[in-house]
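Presented below is the structure to which this report refers.
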């Protein structure tokens with residue numbers, strides 16, 4: 156696929172079909188993502204992908220925790236939306252309003268999708284060894300984007316989501332992730348349904364608001 160087309164067509168899919176992703180396809184997109192640049196070529200990321208029975212266990216534990224009213228316990232410190240600065244806070248508020256209006260009157264679809272971890276046939280967990288530096292997080296963010304673009308180029312959609320890493324102790328247990336590794340990010344992969352929820356596209360800032368070129 157044309158690169159610009161891949162970038163523009165990749166968006167957050169919130170409900171996936173039951174169609175499975177082959178091991179070959181998952182391996183291919185991770186191998187492509189390995190070309191991501193990193194500080195001194197440190198390649199701080201490790202990749203764990205839950206499918207099949209492991210995925211079922213994680214989803215069941217996730218729902219149990221929600222039903223129990225368990226508090227989120229992410230390993231990467233959560234930043235409240237009010238701590239993101241003026242413009243990011245405005246953008247977040249605009250996104251929330253737009254998504255809410257788009258989903259009306261079926262607003263419960265959003266919370267249901269999150270609860271079910273988007274019905275994804277594969278969940279990707281990106282980890283790094285402790286202690287994690289800001290530069291490692293930067294590199295893993297770049298790796299995440301490359302992975303999602305590689306997925307889209309191979310016909311697989313995605314959504315990076317906080318919900319996926321809310322209860323890391325269960326993920327460590329089911330996926331056998333060592334205790335000296337911190338779960339940094341979670342990405343759901345799969346093939347979208349035709350549901351209305353998947354047709355929502357976010358807008359972007361006007362280029363003049365973010366770009367300054369000095370001659």
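Residue numbers (the working numbering): 156 to 370.
Quick reminder that beta carbons are idealized off the backbone N, C-alpha and C, glycines included.
On a Cα-Cα basis, can you pick out the residue from 280, 370, 364 and 193 that is closest to residue 243?
As a first step, residue 243 is located in the chain shown; it is residue number 88 there, counting from the start. Comparing Cα-Cα distances from residue 243 to each of 280, 370, 364 and 193, the minimum goes to 364.
Which residues DSSP lists as bridging residue 345, in chain order
Position 190 of the chain shown holds residue 345. DSSP, once it has assigned bridges, lists 312 as partnering residue 345.
What residues match up with residue 202 in a beta bridge as DSSP calls it?
Residue numbering aside, residue 202 sits at position 47 when the chain shown is read from its first letter. In DSSP, residue 202 forms a bridge with 281.
Can you say whether residue 307 is buried or exposed, counting buried as having 16 or more other CB atoms within 10 angstroms of its CB?
Numbered from its first residue, the chain shown carries residue 307 at position 152. Under this definition residue 307 is a buried residue.
Taking just the CA atoms, how far does residue 195 sit from residue 318?
Here residue 318 refers to the residue found at position 163 of the chain shown. Here residue 195 refers to the residue found at position 40 of the chain shown. The straight-line gap from Cα to Cα measures roughly 31 Å.
Just mark residue 273 as buried or exposed, buried being the case when its beta carbon has 16 or more other beta carbons within 10 Å.
Here residue 273 is taken as the residue at index 118 of the chain shown, counted from 1. Residue 273 should be labelled buried.
Assess contact between the segment 173-180 and the segment 248-263, defined as three or more Cβ pairs (one per stretch) separated by less than 8 Å. Is contact present?
The segment 173-180 vs the segment 248-263: no contact.
Should residue 275 and residue 345 be called a contact, given that it needs their Cβ atoms to be closer than 8 Å?
If you number the chain shown from 1, residue 275 lands on position 120. If you number the chain shown from 1, residue 345 lands on position 190. Contact: yes.
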